[in-house]
Amino acid sequence: MGAFAARFVALDATTVLSGGLIRWDARGRIVSLRRAPAGTRLADVCVLPALVNAHAHLQLPALAATAPTRTFVAWIHSVLQARQATSAAAERQLLRAAIADQLHLGVNAVGDIDSTGTSAEELRHSPLRGRCYRELTGFHLDERAARALLQERDGERVRGRPLAMQGGWSPHAPYSVSAALFRAAAARGRHLAIHCAEVPEEQQLLHSGRGAFADLLRELGRLPADHRAPNLGAVRWLEHLGVLSARTSLIHCQELERGDSARIAASGASIVVCPGTIEYFGRAAPPVPAWLAQGIPVALGTDSRASNTTLSMPAELARASRLWPGLAPETLFAMATRHGARAVGCRGLGQLRIGGRADFCTVPAAATFREALAAWVAGATAVAAVHVAGRRLPTVKAGSRR
Ligand SMILES: [Zn+2]
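The opening residue of the sequence shown carries number 1108 in the numbering used here; numbering runs sequentially from there.
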């Protein structure tokens, strides 16, 4: 049981109690959210709902500083090498550190991509929520092989089912997943996370069957001899395969073609953008304001250490406010909370509500809530404290985190 009274208590990006009081029960469930009675001592902070990191690969290691290039296909090579060089024990270490970081940075839910099955095992010991998507790759897999892969992965899920998290599939990307594997994943009716239209070479492979990805797949022995390009862009290809739906989140969407955003909006799918990755590869900012205006829930994610300096949602918010300066602080905050919850298919997250877990962070107050939120979103102020199920996390020494 506990309570916290503050100058401002934000239930979500736009519903704010001035002089608010939040109370929770012994299990850390919120039992009341209301104006504080007159005379209550108010902490000089804003209470914000915990953030949702809608796309991450918590287990991936950073690349060596000497990794030669930020050209995408060469980068993929480096990631594959780094993964091979990471022992199971090192991967667990990375996961534990990343999970602790998420919590201390004010995140209580993640859309995590699990390439090895280890994330699910580690996440089950943490209070983090959201969805753990088991990654699927195989550009060469036919129907039978695709079904066999899903069956094998299903077995894993039963063994390592996370307690607080939902499960899902992540058929990795149109350049690494066959039509049969996409169809098999979609047929199970689970939530999907798909890297989509990330680079021009992906669209080239889908349109012509040629280019850097065709070379890479050939090199990996994964380009079937009888492969024919569908001659559709990534979004139309996914639509054709029946994987675009309200249960799908599309990651990146840097290279959409004419009409694609309308297709995404009509399907109810979400888009997750990762500002750190955009910066890492020196990419142009995609048209997030236009997507939002079309009604697409656009969420934010950190992606992995391999294409980002930290796995920090506050840092992503600050980057997002620079990439899309026309977006209001409330909109950016919604991208880091409610839209993230929608993207990972866990709608109760990203807000403070009666019956929800008392997961919140505090940031410095200002004359108005909007002023305080704008300063924090832009990176001018930092998270002061984090509560999970009502319990305040021990303060972490100032370091790379903000
Ligand atoms: Zn990713």
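Note that beta-carbon positions come from the ideal geometry of N, C-alpha and C, so glycine has one too.
Quantities reported herein were computed from a predicted structural model and do not represent experimental measurements.
- Under DSSP, no beta-bridge partner is assigned to Cys1453.
- Boundaries of the alpha helix (DSSP H) harbouring Glu1326: 1319-1326, taken from the DSSP string.
- Taking C-beta separations shorter than 6 Å and ignoring five residues to either side along the sequence, the partners of Ser1356 in its chain run Ala1300, Ser1377, Val1379, Ala1450, following chain order.
- Look at Asp1119: its beta carbon is at least 7 Å from all of the heavy atoms in ligand 1.
- Judged by pairs of C-beta atoms under 8 Å, the segment 1236-1246 does not touch the segment 1405-1412, as fewer than three such pairs exist.
- Taking the Cα of Gly1433 as reference, the smallest distance to any Cα among Ala1485, Gly1463, Thr1416 is reached at Ala1485.
- Ala1465 is a Cβ neighbour of His1494, given a cutoff of 8 Å.
- Of the heavy atoms belonging to ligand 1, none sits nearer than 7 Å to the Cβ of Ser1374.
- Remark: the C-beta of His1232 is outside contact range of ligand 1, defined as less than 7 Å to any heavy atom.
- Arg1251 and Trp1276 do not touch by the CB rule: their CB atoms are close to 18 Å apart, not below 8 Å.
- Using a cutoff of 7 Å, the CB of His1302 counts as near ligand 1, since one of the ligand's heavy atoms is closer than that.
- Judged by DSSP in its simplified three-state form, Gln1166 adopts coil rather than helix or strand.
- Taking every protein chain shown into account, the CB of Thr1469 has 16 or more other CB atoms within 10 angstroms, so this residue is buried.
- For His1298, the enclosing beta strand (DSSP E) begins and ends at 1298-1303.
- Looking only at Arg1260, Leu1158, Gly1366, the smallest Cα-Cα distance to Asn1215 is reached by Leu1158.
- Short of 6 Å from the beta carbon of Glu1362, and not among the five residues preceding or following it, lie these beta carbons of its own chain, in chain order: Ala1304, Pro1307, Gln1310.
- Going by DSSP, Asp1249 is part of no beta strand (DSSP E) at all; its letter is neither H nor E.
- Leu1149 is a Cβ neighbour of Arg1114, given a cutoff of 8 Å.
- By the criterion of a C-beta distance shorter than 7 Å, Ala1143 is surrounded in its chain by Ala1112, Gly1126, Gly1127, Leu1128, Leu1149, once the five residues flanking it on both sides are discounted.
- The three-state reading of DSSP puts Phe1111 in strand, counting E and B together.
- Straight through space, the alpha carbons of Cys1381 and Ala1487 are spaced by roughly 20 Å.
- Restricting attention to Arg1365, Arg1426, His1347, the CA atom closest to the CA of Glu1386 is found in Arg1426.
- Burial check for Pro1501: the Cβ neighbour count within 10 Å stays below 16, so the residue is exposed.
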